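Numbering (my numbering), first residue to last: 39 to 111.
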């Protein structure tokens with residue numbers, strides 16, 4: 039009877055450890071997903087910020103050219 043209780047206590051500890059490990063895995067997966075989404079956001083910003091600057095430069099040059107053409111003609 040004593041051995042059975044000891045085995046049951048050992049099994050309960052093992053189950054608790056397994057639940058703790060699964061909880062830790064879930065936490066790590068959530069953290070990984072968060073980091074992945076932040077990484078994607080930074081990647082998109084890294085691409086689109088220079089594109090925005092380039093489009094602004096092109097628009098400025100086109101405006102200056104258009105004004106210069108109207109003034110000279």
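Built from N, CA and C at the ideal position, the CB exists for glycine as well.
Remember, it's a predicted structure, so these values are computed and weren't measured experimentally.
{"Check": "Reduced DSSP category for residue 93 - H, G, I as helix; E, B as strand; rest coil", "Outcome": "helix"}
{"Check": "Residue 66 - DSSP class collapsed to helix/strand/coil", "Outcome": "helix"}
{"Check": "C-alpha gap between residue 67 and residue 100, whole angstroms", "Outcome": "49 angstroms"}
{"Check": "CA-to-CA distance, residue 93 to residue 108, given in whole angstroms", "Outcome": "22 angstroms"}
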